[in-house]
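Undergrad: Have a look at this one.
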Amino acid sequence: MKHIEAFLYRDGVLHADGVPVPQIIESVGTPTYIYSASAIRTAYRRLEAAFSPLGVRFQYAVKSSPNLHLCRLMHDLGAGMDVVSGGELDRAWLAGARTADMVFAGVGKTDEEIRSALDGRFHTLEGVPGLEEREPERRGPVGILNAESISELERIAYWGNELGVRPRVCLRVNPDVDPHTHEYTTTGKEENKFGIDAPLIPDIFDAWGRERGVDLVGLHVHIGSPVPTVEPYAEAVEALLNLIDELERRGSKIEVLDLGGGWPMNYVEEQVPPLEDYAERLVPLLGPRVQNGLQVLMEPGRFIMANSGILVTRVQHVKKGRAKTFVICDAGMHSLIRPALYRAFHFLWPVAWTGEAPRLLEDPGLPGLETCDVVGPICETGDFLARDRQLPPMGRGELVAIFSAGAYGMSMVSNYNDHGRPAEVLVDGDRAAMINERQPLATVLATEHEARELW
Ligand SMILES: Cc1ncc(COP(=O)(O)O)c(C=O)c1O
Numbered sequence: 001m002k003h004i005e006a007f008l009y010r011d012g013v014l015h016a017d018g019v020p021v022p023q024i025i026e027s028v029g030t031p032t033y034i035y036s037a038s039a040i041r042t043a044y045r046r047l048e049a050a051f052s053p054l055g056v057r058f059q060y061a062v063k064s065s066p067n068l069h070l071c072r073l074m075h076d077l078g079a080g081m082d083v084v085s086g087g088e089l090d091r092a093w094l095a096g097a098r099t100a101d102m103v104f105a106g107v108g109k110t111d112e113e114i115r116s117a118l119d120g121r122f123h124t125l126e127g128v129p130g131l132e133e134r135e136p137e138r139r140g141p142v143g144i145l146n147a148e149s150i151s152e153l154e155r156i157a158y159w160g161n162e163l164g165v166r167p168r169v170c171l172r173v174n175p176d177v178d179p180h181t182h183e184y185t186t187t188g189k190e191e192n193k194f195g196i197d198a199p200l201i202p203d204i205f206d207a208w209g210r211e212r213g214v215d216l217v218g219l220h221v222h223i224g225s226p227v228p229t230v231e232p233y234a235e236a237v238e239a240l241l242n243l244i245d246e247l248e249r250r251g252s253k254i255e256v257l258d259l260g261g262g263w264p265m266n267y268v269e270e271q272v273p274p275l276e277d278y279a280e281r282l283v284p285l286l287g288p289r290v291q292n293g294l295q296v297l298m299e300p301g302r303f304i305m306a307n308s309g310i311l312v313t314r315v316q317h318v319k320k321g322r323a324k325t326f327v328i329c330d331a332g333m334h335s336l337i338r339p340a341l342y343r344a345f346h347f348l349w350p351v352a353w354t355g356e357a358p359r360l361l362e363d364p365g366l367p368g369l370e371t372c373d374v375v376g377p378i379c380e381t382g383d384f385l386a387r388d389r390q391l392p393p394m395g396r397g398e399l400v401a402i403f404s405a406g407a408y409g410m411s412m413v414s415n416y417n418d419h420g421r422p423a424e425v426l427v428d429g430d431r432a433a434m435i436n437e438r439q440p441l442a443t444v445l446a447t448e449h450e451a452r453e454l455w
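For the sequence shown, the working numbering begins at 1 and goes up steadily by one.
Following this line, the structure appears as C-alpha cells:
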C-alpha cells in the first residue's frame with residue numbers, strides 16, 4: 001500500500017510494521033484483526049500537535065477499538081477515556097485509566113450505569129477470577145458525565161444524592177448541524193436522538209444552576225463520524241461558543257467544552273482534508289476562550305485507529321456467476337459490518353502481491369484486474385465486504401487484507417450464524433503479540449445450554 005505506512009508490500013507480501021502478514025496468519029489463522037502500535041502512536045501524536053495551541057485533553061473513544069491492550073496503549077500515550085457504557089468503564093479502568101480521567105457519554109444510560117459512573121464500579125468484573133477482588137485504586141466518580149436529556153439529569157442528581165457525590169456534568173447539545181456524512185452516523189441534527197436541542201440549554205442551566213445536586217460544568221457536542229469537511233465543525237463550534245456567551249451572560253460559568261470525535265481519515269486516498277486543516281480553522285475560534293480558562297476536550301477514535309488496523313481473511317471459494325465473480329471469504333458482515341451497514345468502502349487486496357504497489361483508490365487502475373464481489377459466509381445478500389470491485393484474480397486459500405479496518409471493526413462484530421469472534425494481534429516494529437484469542441464458540445453457548453426455571 002502506498003498510503004498507509006504501517007501496512008506496506010515488501011518482498012511480495014504485505015507487512016504489518018516489520019512483520020510479514022502470512023507469518024502472523026500461520027500462527028493465529030483467519031479472520032484476524034492486525035493493529036500497528038507505531039501507526040497508533042503516530043496518529044495520536046499528530047492530533048496532539050495539530051491542536052497543541054488549545055491544550056486539548058484527549059479522551060480516547062473506547063468504542064472505536066476497545067481491546068484492552070489498545071486502550072492501555074492509548075492510556076500510556078496520555079489519553080483519558082471516553083466511555084459509553086458500564087462495560088466500557090470497567091474496561092478502561094482495567095486498562096489503567098483513573099475513573100477521574102474518563103468522560104461517560106451515551107444517550108441511554110441505565111440507572112445501574114449512572115450509579116457506576118459515580119462510584120466508578122460496574123458489575124462486569126463480578127465473578128471474573130482475578131479481576132473482581134482487585135483494589136479499588138483509581139476508582140471514584142468519572143471526571144465528567146455527558147447528559148443527553150433532562151430525564152437523565154434527574155437520574156444523575158438522584159444517584160449523586162444517594163451516593164453522597166456531586167457529579168460534574170456537561171450537557172450534550174444538539175446544534176442542528178449537518179456533518180454531511182452517512183445518515184446513520186449523523187448525530188447532531190434535530191431529527192437525531194442525540195443531545196438536547198440548543199435553544200433549551202439556557203433554561204436548563206438557569207433551572208439547575210449549581211444548587212440541585214450536580215455541577216453543570218460545560219457543554220458537549222458530537223455532530224457525526226466521520227465528518228468529511230471542515231465547515232460543519234466550525235459551524236458547531238461557533239454555535240456552541242454563542243451558547244456559552246449566552247450562558248455566561250445569564251450567570252453560569254462554563255469551564256469545559258467537549259467537542260466529541262468524528263475527526264476523519266482517508267478510506268480512499270485524499271478523500272478528506274488533512275487534520276491540520278480542521279485545526280487551522282478551529283484553533284483561532286477557540287484560542288481566545290482557552291486563554292480565558294476554557295478546557296477543550298476531544299474524543300477521537302477513528303482518526304487514531306482506522307488506518308492503524310487491517311482485517312485479514314482467507315478466500316474459501318471463488319464462484320464465477322452469470323453476472324459476476326464472487327470471492328467468498330471467512331470474514332463477512334459478522335466480522336466487519338461497515339460495508340453492509342453503511343455501504344462503507346474498504347480497500348482490499350491480496351496479501352501476496354508482487355506487482356506495482358496498489359493505491360488506496362476505488363479502482364487502483366492496474367492491468368489484469370477483474371470485477372468481483374467480495375462476500376462473507378453469512379446467509380444474507382447484504383453480507384458483502386466489497387461490491388463490483390476491480391481486483392486481481394484470486395483463488396481458494398488466498399489471504400486478503402481489508403484495509404482501514406482498525407476502528408468500528410472488532411467493536412461491531414457479532415456471532416451471527418454462530419461464528420466466533422475474530423482474533424486480534426498487535427505488532428510493534430518486528431514483534432507481534434496475540435491480544436485477543438479467537439473466541440471459542442463454547443462461550444456463545446455457555447449462557448444458553450441449560451434452561452433455568454423462572455416459575
Ligand atoms: C459522543 C461520541 N464521541 C466520540 C465518538 C468517536 O468518534 P470518532 O471515532 O469518529 O472519532 C463518537 C462516535 O460515534 C461519539 O458518538
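Beta carbons are placed, not taken as given, at the ideal position from N, Cα and C, and that holds for glycine. Here the structure is a predicted model, which is why all the values come from computation and not from measurement.
Quick check on Tyr184: buried or exposed, where buried means 16 or more other Cβ atoms within 10 Å of its Cβ?
TA: Its Cβ having fewer than 16 others within 10 Å, Tyr184 is exposed.
Undergrad: May I ask you to check if the CB of His222 is nearer than 7 Å to at least one heavy atom of ligand 1?
TA: His222: yes, Cβ under 7 Å from ligand 1.
Undergrad: Sorted by chain position, which residues of the same chain lie with C-beta nearer than 7 Å to Arg155's C-beta, five sequence neighbours on each side aside?
TA: Cβ neighbours of Arg155 beyond the five flanking positions: Asp111, Ile114.
Undergrad: Using beta-carbon positions only, say whether Met298 and Gly261 come within less than 8 Å of one another.
TA: A contact, by the Cβ cut-off of 8 Å.
Undergrad: What are the boundary residues of the alpha helix (DSSP H) that includes Ser252?
TA: First-last for Ser252: undefined, no H or E at that position.
Undergrad: Compute the beta-carbon to beta-carbon distance between Ser335 and Pro141, rounded to the nearest angstrom, for a pair I have assumed lies under 8 Å.
TA: 37 Å between Cβ atoms; not a contact.
Undergrad: Would DSSP call Val272 helix, strand or coil?
TA: Coil, per DSSP.
Undergrad: So, for Thr124: in the same chain, excluding its five sequence neighbours on each side, which residues have a beta-carbon less than 7 Å away from its beta-carbon?
TA: Closer than 7 Å at the Cβ level, and outside the excluded window around Thr124, lie Gly86, Gly87, Asp90.
Undergrad: May I ask which residues mark the beginning and end of the alpha helix (DSSP H) holding Pro22?
TA: Per DSSP, Pro22 belongs to the alpha helix (DSSP H) from 21-28.
Undergrad: Could you check what DSSP says for Leu241 in three-state terms: helix, strand or coil?
TA: The answer is helix: DSSP assigns Leu241 an H, G or I state.
Undergrad: Under a three-way DSSP split, which group does Gln439 fall into?
TA: In this structure, Gln439 counts as coil in the three-state DSSP scheme.
Undergrad: With Ile34 and Ile24 assumed to form a contact (beta carbons below 8 Å), what rounded beta-carbon distance in angstroms separates them?
TA: The pair is a contact, with the Cβ atoms about 6 Å apart (cut-off 8 Å).
Undergrad: Alpha carbon to alpha carbon, how far is Val290 from Pro422?
TA: Going from the Cα of Val290 to the Cα of Pro422 covers about 43 Å.
Undergrad: Would Glu148 pass as a contact of Arg172 if the rule is Cβ separation under 8 Å?
TA: Yes, Cβ-Cβ distance for Glu148 and Arg172 is below 8 Å.
Undergrad: What ranges does the beta strand (DSSP E) occupy inside the region 82-125, keeping only unbroken runs of at least 3 residues that lie completely in it?
TA: Segments of the beta strand (DSSP E) lying fully in the region 82-125: 102-104.
Undergrad: On the premise that Val177 lies in contact with Ala236, defined as a C-beta separation below 8 Å, what is that separation, rounded to the nearest angstrom?
TA: With a Cβ gap of about 5 Å, Ala236 and Val177 count as contacting.
Undergrad: Please report the straight-line C-alpha distance between Leu361 and Val103, rounded to a whole angstrom.
TA: Taking the straight line from one Cα to the other gives about 37 Å.
Undergrad: Could you name the residues of the same chain whose beta carbon sits closer than 8 Å to that of Gly143, not counting the 5 residues immediately before and after it, in chain order?
TA: Only Gly80, Thr99, Ala100, Asp101, Met102, Val103, Arg168 meet the Cβ criterion.
Undergrad: Go through the region 360-406 residue by residue and report every complete run of the beta strand (DSSP E) that reaches 3 residues or more, in order.
TA: The qualifying runs are 370-375, 384-391, 399-402.
Undergrad: Determine the extent of the alpha helix (DSSP H) in which Trp349 is found, giving its start and end residues.
TA: Not the alpha helix (DSSP H): Trp349 falls in the beta strand (DSSP E), residues 348-350.
Undergrad: Looking at the secondary structure, which residues open and close the alpha helix (DSSP H) in which His69 lies?
TA: His69 -> alpha helix (DSSP H) spans 68-77.
Undergrad: Which same chain residues, not among the five before or five after Asp82, have their C-beta less than 7 Å away from its C-beta?
TA: Closer than 7 Å at Cβ, skipping near neighbours: Gln59, Tyr60, Ala61, Val62, Val103, Ala105, Glu299.
Undergrad: For Leu294, which three-state DSSP category applies?
TA: It is coil, neither helix nor strand.
Undergrad: Quick test of your reading: Leu391 and Cys372, contact by CB under 8 Å. State the CB separation rounded to the nearest angstrom.
TA: With a Cβ gap of about 5 Å, Leu391 and Cys372 count as contacting.
Undergrad: Beta carbon of Ser252, beta carbon of Ala6: below 8 Å?
TA: No, the Cβ-Cβ distance between Ser252 and Ala6 is not below 8 Å.
Undergrad: My understanding is that Asn436 touches Asn67, with C-beta atoms under 8 Å, so please give their C-beta distance in whole angstroms.
TA: Between Asn67 and Asn436 the Cβ distance is about 6 Å, and since that is below 8 Å, they are a contact.
Undergrad: Rounded to whole angstroms, what's the CA-CA distance from Arg438 to Ala207? Just pull it up for me.
TA: Approximately 51 Å, taken between the alpha carbons.
Undergrad: So, using beta-carbon positions, are Glu370 and Pro339 closer together than 8 Å?
TA: Result no, Cβ atoms of Glu370 and Pro339 do not sit closer than 8 Å.
Undergrad: Output yes or no for whether 8 Å exceeds the beta carbon distance between Val351 and Val312.
TA: Yes, they are a contact pair.
Undergrad: For Arg166 and Val214, which I take to be in contact (beta-carbon distance under 8 Å), what is that distance rounded to the nearest angstrom?
TA: The pair is a contact, with the Cβ atoms about 7 Å apart (cut-off 8 Å).
Undergrad: Near Tyr278, what residues of its chain come up, given a Cβ to Cβ distance below 8 Å and the 5 sequence neighbours on each side ignored?
TA: Excluding positions up to five away in sequence, the list reads Ala50, Val230, Tyr233, Trp263.
Undergrad: Which stretch, first to last residue, makes up the alpha helix (DSSP H) that contains Leu153?
TA: Here the alpha helix (DSSP H) through Leu153 covers 150-163.
Undergrad: Given a cut-off of 8 Å, decide if Asp430 and Gly12 are closer than it, judged by their beta-carbon atoms.
TA: No. Outside cutoff.
Undergrad: Where does Cys379 land, buried or exposed, given buried means 16+ other C-beta within 10 angstroms?
TA: It counts as exposed.
Undergrad: Please report the straight-line C-alpha distance between Gly365 and Lys109, rounded to a whole angstrom.
TA: Distance between the alpha carbons of Gly365 and Lys109 is about 48 Å.
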